[in-house]
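Protein chains in written order, with our numbering: chain Y, 1269 to 1590; chain H, 1269 to 1590.
From the three backbone atoms N, C-alpha and C, an ideal C-beta is built for every residue, glycine too.
All of these numbers come straight from a predicted model, not from anything done at the bench.
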């Protein structure tokens, strides 16, 4: 398999004006799982069905894979400005290390750089890939806007929430799979299976994130437990709890949602309500359904070592602790 | 000729989530000259050499023309956030009417919308158009960064300044011409002439802007005279004045650059220095050279009513009062 980290490192950001390109290099050098390009390359490998010695994916899948990673990092850069986040992957965010204007303009350029990479997709595949990439990018901006809107909306349903995380998180994984498979020559039903796999692991991933934020081990989770509870974030757990018919627990929960200044106590109390209502088990059940749905898609695809890695990935995401 | 205003109005922004799309519709409805799409369509018409009844440009040039206009308006939206500008085309800017985060996210989506329009470029022309569009977008971000850098740089040369305005303003006009001509089937030397025409009218346009900011008629210019002088903006006029061998005038000018709080007096005094040094005439001469260079490019192209309109446009830009 192509080394995606090496490919990312080989992108050149040592260009003028430094104020524009240095923050792009800084953002891309900060690591991360490289999940999206890995999915694109692995999807291509699945389609090529082990016909390649050592499973090597041809170079022509790489530009789209890199475009997906650059795009993903662009969204993090601009999200951090909007959320006033100060730390990302253990380092100061761009708007902290430089300033807001630098983060806005370098982010814009990073989005353009994603499209520059996309321009290297084989010409016969470019029209569809560009369309799908645009649909994916649009879904993410829409998901981000819904996430903001939901903060001030008292009537968010579980369906609303699932729609939001699908757009904000899952669609990028789904299109990474589909684009990788398409460039490798996949047929329509294969592309649909790849897309659905990405969509479902994305949903499972996000729900597991919601669960770990409450029930994770502080030693392995990497950030403070209870962050979502502190800021009343409308996660699957909170929305599920609010649906309870146990009016006493619901009243207690609503009291905590308007409480201020007693953060530690609030995290403990709300967690206790969740546990009492069986909210964790319900969320885990939804997550497991999406993991199972992702795994079922893999059965429709050629079976080879790449398919096996996708199977392991879906299972790992569902049992991860951090 | 296709009605570009009607085409822009027919773009649909009445979509959910409103918080994402409403600011895009608001920005595009605020008018403006529609110069860039008009250039793209006119360039196509030049190439088609009047072979079309009534000079009608086929529909297939329209998506790229619209993409250029949407992209241009995206740059205005984000520039207004970065410059803290409160008014644009007589209306509150997006970050004032909504907020900074809305302006950032809607701007991002607007950039993506430009690429969505681009995806409708005929497939055989798409690879090159996407590459050129990316080069254009990159030049504009670089130009914006240089503009910011130059504010704090005491050693900006006239060459630096010309490079900056070329990237920030002219390259978009140049690529509008080239892309329009390419989709219409222009050959390489025609595309080069179209590109150079756009580049030179862009430079002439920006220099005329610098001149009008000092010598314009407040009644027709539309904004306060002397804005560039007040904030020590490194325009062609200031950079030309600083090159003078008249050490007394130069010392006086430098004094005014560090003066604070005497704005009206400063505008009058610096204008007087410019006039004494003949800076206006020098800038006008540079502008006229670029207008002449633009006109010379037109001689290399098919001669028809569209070419004639481009000739009139170059002359109008050079003599405009607002």
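Item                                                                                                                              : Value
The region 1370 to 1388 of chain Y touching the region 1336 to 1350 of chain Y, judged by at least three CB pairs closer than 8 Å : yes
Residue 1355 (chain Y) - partner residues in DSSP beta bridges                                                                    : Y:1360
Beta carbon of residue 1441 (chain Y) nearer than 9 Å to that of residue 1473 (chain Y)                                           : yes
Residue burial classification, residue 1411 (chain H) (beta-carbon count within 10 angstroms, cutoff 16)                          : buried
Under 7 Å by beta carbon: chain Y residues contacting residue 1420 (chain H)                                                      : Correct list: empty, because the minimum Cβ distance to chain Y is about 10 Å.
Expected contact under 8 Å - CB spacing of residue 1451 (chain Y) and residue 1390 (chain Y) to nearest Å                         : 7 Å
Buried versus exposed, by CB contacts within 10 Å (16 or more), residue 1486 (chain Y)                                            : exposed
Coil, strand or helix - residue 1584 (chain H) by DSSP                                                                            : helix
Contact the region 1461 to 1475 of chain Y vs the region 1528 to 1539 of chain Y: 3+ CB pairs below 8 Å                           : no
Pair within 9 Å by beta-carbon distance, residue 1566 (chain H) and residue 1575 (chain H)                                        : yes
Proximity of residue 1618 (chain H) and residue 1416 (chain H) at Cβ, strictly below 9 Å                                          : Chain H is shown from 1269 up to 1590; residue 1618 (chain H) falls before or after that span and cannot be answered.
Contacting positions in the region 1409 to 1438 of chain H - beta carbon closer than 8 Å to chain Y                               : 1409, 1410, 1412, 1413, 1414, 1416 and 1417
Contact set between residue 1346 (chain Y) and chain H, taken where Cβ atoms lie within less than 7 Å                             : 1372 and 1376
Assumed close pair residue 1404 (chain H), residue 1355 (chain H) - CB separation to whole angstroms, cut-off 8 Å                 : That pair is no contact at about 27 Å.
Residue-level contact to chain Y via CB, residue 1541 (chain H), 9 Å cutoff                                                       : no
Within chain Y, the residues that residue 1380 (chain H) reaches when beta carbons sit closer than 8 Å                            : 1379, 1402, 1405, 1406 and 1409
Cβ distance (whole Å) where residue 1378 (chain H) is taken to contact residue 1342 (chain H) below 8 Å                           : 4 Å
Sequence-distant residues of its chain with Cβ nearer than 8 Å to residue 1296 (chain H) (five each side left out)                : 1276, 1279, 1281, 1337, 1338 and 1341
Range of the contiguous alpha helix (DSSP H) that encloses residue 1376 (chain Y)                                                 : 1368 to 1386
The alpha helix (DSSP H) enclosing residue 1591 (chain H), as first and last residue numbers                                      : Chain H is shown only over 1269 to 1590; residue 1591 (chain H) falls outside these bounds and no answer can be derived.
First through last residue of the alpha helix (DSSP H) which encompasses residue 1613 (chain Y)                                   : Outside the displayed range of chain Y (1269 to 1590) lies residue 1613 (chain Y), so it cannot be described from this structure.
8 Å CB neighbourhood of residue 1559 (chain H) in its chain, flanking five on each side removed                                   : 1468, 1469, 1472, 1582, 1583, 1585 and 1586
Residue 1552 (chain H) to residue 1274 (chain H) span [Cα, whole Å]                                                               : 36 Å
Close beta carbons around residue 1328 (chain Y), own chain, < 6 Å, minus the five adjacent residues each side                    : 1390
Nearest-angstrom beta carbon gap, residue 1521 (chain Y) and residue 1314 (chain Y) [assumed within contact, 8 Å]                 : Contact doesn't hold; Cβ gap of about 44 Å is too wide.
Interface flag, residue 1287 (chain H) vs chain Y, CB-CB below 9 Å                                                                : yes
CB contact below 9 Å: residue 1349 (chain Y) versus chain H                                                                       : yes
Segment limits, alpha helix (DSSP H) that includes residue 1534 (chain Y)                                                         : 1531 to 1545
Buried or exposed by the 16-neighbour rule on C-beta atoms within 10 Å, applied to residue 1310 (chain Y)                         : buried
Which listed residue (H:1270, H:1357, H:1352 and H:1492) has its alpha carbon closest to that of residue 1367 (chain H)           : H:1352
Nearest to residue 1513 (chain Y) (by Cα), restricted to the options Y:1317, Y:1344 and Y:1544                                    : Y:1544
Alpha carbon of residue 1370 (chain H) to alpha carbon of residue 1344 (chain Y), nearest angstrom                                : 16 Å
CB of residue 1524 (chain H) within 9 Å of CB of residue 1547 (chain H), strictly                                                 : no
Cβ pair residue 1588 (chain H), residue 1480 (chain H) closer than 9 Å                                                            : yes
CA-to-CA distance, residue 1347 (chain Y) to residue 1500 (chain Y), given in whole angstroms                                     : 19 Å
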